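*Asks:* Numbering (the numbering used here), first residue to last: 1112 to 1428. By construction, the Cβ of each residue, glycine as well, lies at the ideal position given by its N, Cα and C atoms. Nothing here was measured: the structure is a model prediction, and the numbers come from that model. Sending over a structure as C-alpha cells; questions will come in a sec.
See below:
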C-alpha cells in the first residue's frame, strides 16, 4: 500500500511518461454513491498517479528550479491540516499578515442593506436603484455578490432577479453558496446557476492575457495544443494539488454519506428550532433553511433580572 515512508523516488522516472488525457479514461463518469475503502483509493493513486507525475525531489531532476523541503516543513504542513484553522481574523490565526486591498477601498464598495421584511435577503429593486445611481454618477459598477445561505442568518438571495439586474448593466455576478445543495431537496435555491470554478465567455481572451511562455515552460503537448495549460488561466505559475483532496474525500465518504452528514446537521437544527419555539421566552427571528437557528430573547429585562454582577454570569433555566 502507498505510504509516505514507502515513497521511493529512485523507482520512478524523473519526468512524467503519461500521454495527454490518459487519466480521463480511468475516472468514472460520476462520483461513487457509497464510500470506498481507503486502501482502494491509495492503490489507485499508486497505480495511476504516482508513476505518471514529475517527481521534483529526485536527485536527477534539474528542470525549472530546485524543489527544496525539510522535515520541519513537512511536519508543519501536517499540523496545519490537523488544526484546520480558518484564517480570516487575528484570533483565528495570530500569524496572519495584514495586507492592503488594491483598488477595493471602502469608497468603491456598496453595501446593500437588508431587512427582516425580506428575511435579510438582497432586495433586487434596491440593488437596481443603487447601481443606477452609480451609473448616473459616471461610475462603473462591475461586480455584485449574491449569497445562498449567509453566514449570520443563512439568508438566501433571489438569484434570478439579481442576475437580471447584473445583466442589465452589465456586471459580473458571483454566487456564494455552501455544500448543502449537494442534497437534491435544496437545489431549488440555486435558480439558473451552474457549478464551475472559472467561467468566461471567450476563454481565448483570458488565456491571451495571462499566457507566459518562457523557454523552460515549453513542451510538446502544449505546443501542439493537446492539453489545457491552467497556468494560462491564472496569475500564479503554480497551484496546490487540492483536486486530489476532493477526489479522495468523494471516494472515501461517497455521495450518500456526504448527504447524510448534511441532513443530520439540518435535522438537529430542526429539533433545536422546535425547542426554541416552544419556549415563550425566545423567538426565532429568521426562517431556518439549513442548519442555523437564529433566535433571541423576547424581553431583555429577564436577562437583567437573572444577571449576577459579581460574576458576570446569567442563568436561564
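Taking its Cβ as the centre, do 16 or more other Cβ atoms sit within 10 Å of residue 1329, making it buried, or is it exposed?
*Replies:* Exposed: under 16 other Cβ atoms inside 10 Å.
*Asks:* DSSP state of residue 1372, grouped into three classes?
*Replies:* Helix.
*Asks:* From what residue to what residue does the beta strand (DSSP E) around residue 1285 run?
*Replies:* Where residue 1285 is concerned, the enclosing beta strand (DSSP E) stretches over 1283–1288.
*Asks:* Thinking C-alpha only, which one of 1336, 1134, 1344, 1325 is nearest residue 1318?
*Replies:* Selected option, being the one with the closest Cα: 1344.
*Asks:* Between residue 1128 and the rest of its own chain, which residues show a CB-CB distance below 8 Å, the 5 nearest in sequence each way excluded?
*Replies:* Within the same chain, residue 1128 has close Cβ partners 1162, 1163.
*Asks:* Rounded to whole angstroms, what is the Cα-Cα separation between residue 1240 and residue 1187?
*Replies:* The alpha-carbon atoms of residue 1240 and residue 1187 are separated by roughly 50 Å.
*Asks:* What is the C-beta distance between residue 1265 and residue 1400, in whole angstroms, given that I count them as a contact (C-beta under 8 Å)?
*Replies:* Contact flag correct, Cβ pair sits at about 5 Å.
*Asks:* Locate the alpha helix (DSSP H) running through residue 1316, then write down its first and last residues.
*Replies:* From DSSP, the alpha helix (DSSP H) with residue 1316 extends over 1314–1321.
*Asks:* Can you tell me which residues form a DSSP beta bridge with residue 1258?
*Replies:* Note: residue 1258 sits in a beta bridge opposite 1287.
*Asks:* Cα separation between residue 1353 and residue 1363?
*Replies:* If I take the Cα positions, the gap works out to 16 Å.
*Asks:* From this set, 1234, 1365, 1263, which residue's C-alpha is nearest residue 1275's C-alpha?
*Replies:* Nearest option by C-alpha distance: 1234.
*Asks:* Excluding the five sequence neighbours on either side, which residues of its own chain have a C-beta within less than 7 Å of the C-beta of residue 1277, listed in chain order?
*Replies:* Answer for residue 1277: 1255, 1284, listed in chain order.
*Asks:* Of the choices 1279, 1326, 1300, 1280, whose alpha-carbon is the least far from that of residue 1289?
*Replies:* With distances taken between Cα atoms, residue 1289 lies closest to 1300.
*Asks:* With the cut-off set at 8 Å, would you say residue 1145 and residue 1320 are in Cβ contact?
*Replies:* Against a cut-off of 8 Å, the Cβ pair of residue 1320 and residue 1145 comes out as no contact.
*Asks:* For residue 1147, which of helix, strand or coil comes out of DSSP?
*Replies:* If DSSP states are grouped into helix, strand and coil, residue 1147 belongs with coil.
*Asks:* Check whether the Cβ of residue 1218 sits closer than 7 Å to any heavy atom of the ligand ADP, and report yes or no.
*Replies:* Only the bare structure without any ligand can be found here, which leaves the ligand ADP out of the picture.
*Asks:* Would you mind working out which of 1138, 1132, 1182, 1316 sits nearest residue 1116, comparing C-alpha positions?
*Replies:* Checking every option, the nearest Cα to that of residue 1116 belongs to 1182.
*Asks:* Looking at the secondary structure, which residues open and close the alpha helix (DSSP H) in which residue 1239 lies?
*Replies:* 1235–1247 is the span of the alpha helix (DSSP H), which, as asked, contains residue 1239.
*Asks:* Look at the alpha carbon of residue 1132 and the alpha carbon of residue 1338, and state the distance between them as a whole number of angstroms.
*Replies:* Approximately 8 Å, taken between the alpha carbons.
*Asks:* Quick one: is residue 1207 buried, meaning 16 or more other Cβ sit within 10 Å of its Cβ, or exposed?
*Replies:* Residue confidence for residue 1207 is low, a pLDDT of 49 falling below 50, so the modelled location carries little weight and cannot support an answer.
*Asks:* Is the distance from the Cβ of residue 1237 to the Cβ of residue 1223 below 8 Å?
*Replies:* Yes, they are a contact pair.
*Asks:* Going by DSSP in three states, residue 1267 sits in which element: helix, strand or coil?
*Replies:* DSSP places residue 1267 in strand when its eight states are reduced to three.
*Asks:* Of all the options 1263, 1280, 1195, which has the alpha carbon lying nearest to the alpha carbon of residue 1249?
*Replies:* The shortest Cα separation from residue 1249 among 1263, 1280, 1195 belongs to 1280.
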